[in-house]
Amino acid sequence: MISFSTKYSKSFDFRAILTNKKSNLSKIKSFIDIKSSNELKVKAYNNKAGFTFVSEIKNNKFSNLFFFNVKENLKDFEYQELGGLIIQESLKLKKESIELSIDTLPNFLVKENIIKNILIGMISRGYVFDNYKSKKNVKTVKKIIIISSKKSLIKNCTKYALNICTGVFQTRDLVTAPANILNPAQFVNEIKKLKKTRLKIEILDEKKLRKIGMHALLGVGQGSNNKSYVAIMKWDGGKKNSRPISFIGKGVCFDTGGISLKPARFMEEMKYDMAGAGTVTGLMKTLAVRNAKVNAIGIVGLVENMPDGNAQRPGDVVKSYSGKTIEIFNTDAEGRLVLADLLTYTEKRFKPKLMINLATLTGAIIISLGNEFAGLFSNNDQLAERINKVGYKENEKAWRLPLNQNFDSLIDSQIADVQNINYSGGAGSITAAQFLQRFILKKTPWAHLDIAGMAWTKKNTKTIPVGATGYGVKLLNRLVEEYYE
Ligand SMILES: [Zn+2]
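Numbering (my numbering), first residue to last: 2 to 486.
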């Protein structure tokens, strides 16, 4: 999809010329004269949108020239947005090939973090999911030719951007797939395919889960014909015997709510109630393909929550992997039941340095934070601060909400150790987090990201087309890169 050249082609239907006030544009005189190009450069620089556009006919070829203004000292995600803008404009013109001129930038802007983020934005915005369309979407960018004399720098940046985006796309593909296709067993198959990235894969089936006592997780899936699984992805890129960091994902492949059935309207959205598991899978893929120098565990609980004669009832009591008993008040508060077992299991078996779980856990978080911030909960200030900080860099933001003993007591059960929801006291997202915290037995540093408002976008953003966002892959990859490698 991406290739390199040092020369401009004679004709091209979409040229993106990266410019700056200090650019010398003599290099592009083969297809546009210096005077016009300088005028366009000035216009791009002064235009609020950051680019100008001209179409011209030369040698009977139609040529679209875009001059994009590249400013200094932008945040990383702003360079990604610039990349997204390039793709957005090419899609408007239905152009499948882009020639991207980096050679026109002054040297001080041809820096690794600028180029790789522009490319991440371009690739990310160019994502298309048309697997089930009989007529394939013509509005895609199939080819990007990068014009630059700095071949090795450009190659490194491209490789990096592709490594990030392959994880993001893995997540988006999983999140977009409907539940009749991506059931827990199929999700397991998709994870097994990642063996080729040198991730080690281990699958726990129902027989094994029953044996080790993951009854909280199993209870969620017992009303479905689709069997439940836990999948473990292991990446050993760090020092031998150094404790791993761990990522834990909620993978409810479809959530009807179970016997506490959801209303019909928008229930179709519950195909993406596995987005936490989707993000963990995509993240592990990115860590593997970019050969991250870290030991990491990804673990996902894959179940389907259905109403059925065998389904779990409100009022049932189950015994979790931790030994704690849970009274199920609402079968639609099921994600936390899956995560409860995974958290205790991960802590006990892998003794990780830290645990970060991701889940489309509560509708209440969308009331609080909309589609701008994930809810962030943590028992560790340093970890929470780090997540918050990298979130701003990647524009995958997370806002910390409190945990507190008084919230915790709202989920005390009368007949069991804990109940899975509180009907009085409000704070639905916080009490869900309190519930999860009860299953961390050894005070391992932990963060919970409630991504219910972040996994899907109903409108195009600057770097993401309508649909699954892949939220969390860039965020957590960056976290690993900056603090744990
Ligand atoms: Zn639910």
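For glycine and all other residues, C-beta sits at the position ideal for the given N, C-alpha and C.
Annotated as proximal: Lys143 and Glu97, with beta-carbon spacing under 7 Å. Taking the Cα positions, Leu476 is about 11 Å away from Ile165. In this model, Phe255 and Lys390 are separated by some 32 Å (Cα to Cα). If you draw a straight line from the Cα of Ser4 to the Cα of Leu362, it is about 41 Å long.
The three-state secondary structure of Lys117, taken from DSSP, is helix. The set of residues with CB atoms less than 7 Å from any heavy atom of ligand 1 reads, in chain order, Val253, Asp256, Gly258, Asp274, Asn306, Asp333, Ala334, Glu335 and Gly336. In terms of Cβ geometry, Ser6 and Ile146 form a close pair [threshold 7 Å]. In terms of Cα proximity to Asn292, the closest of Gln187, Met271, Tyr161 and Asp342 is Tyr161. Looking at the backbone, the Cα of Ser64 and that of Glu57 are separated by about 5 Å.
A distance below 7 Å separates the beta carbons of Thr280 and Leu359. Judged by DSSP secondary structure, Leu437 falls within the alpha helix (DSSP H) whose first and last residues are Gly429 to Gln438. The Cβ neighbour count for Met2, taken over all protein chains shown within 10 Å, is under 16; the residue is labelled exposed. Asn306 has its alpha-carbon roughly 12 Å from the corresponding atom of Ala217. Residue pairing from DSSP places Arg401 in a beta bridge opposite Leu377. Its chain contains Thr458, Lys459, Lys460 and Asn461 as the residues whose beta carbon lies nearer than 8 Å to that of Val467, once the 5 sequence neighbours on both sides are disregarded; these appear in chain order.
For Ala434 against Ala399, the beta-carbon gap comes to about 13 Å, at or over 8 Å, which does not count as contact. Between the segment 228-243 and the segment 321-328 there are fewer than three inter-stretch CB-CB distances shorter than 8 Å, so the stretches are not counted as touching.
Beta-bridge partners assigned by DSSP to Asn65: Ser56. Non-local beta-carbon contacts of Phe436 in its own chain, meaning distances under 6 Å to residues more than five positions away in sequence, involve Arg337 and Ile412 in chain order. Out of Asp34, Asn118 and Asn181, the CA that lies nearest to the CA of Asn157 is found in Asn118. Beta-bridge partners of Val474 (DSSP): none assigned.
Rounded to the nearest whole angstrom, the CA to CA distance from Gln420 to Gly426 is 14 Å. DSSP links Val231 through a beta bridge to Leu205 and Gly302. Note on Ser91: 16 or more other CB atoms within 10 angstroms of its CB, so buried under the neighbour-count rule.
Taking a cut-off of 8 Å on C-beta distances, the segment 101-108 does not touch the segment 434-454, as fewer than three cross pairs fall below it. If you check the CB distance, Phe32 and Phe52 do not come in under 7 Å.
If only uninterrupted alpha helix (DSSP H) runs of at least 4 residues are considered, those enclosed by the segment 121-191 are 152-177.
DSSP places Val43 within a helical segment (H, G or I) once states are collapsed to three.
The C-alpha of Lys251 lies about 20 Å from the C-alpha of Lys201. Asp34 and Lys28 have their alpha carbons spaced roughly 10 Å apart. In its chain, beyond the 5 residues on either side, Val391 have a beta carbon closer than 7 Å to the beta carbon of Glu483.
Per the C-alpha coordinates, the member of Ala297, Ile192, Ser379 and Ile465 positioned closest to Phe78 is Ile465.
Bounds of the beta strand (DSSP E) holding Leu355 are Leu355 to Ala360. In this chain, Ile441 is not harboured by any beta strand (DSSP E), its DSSP state being neither H nor E.
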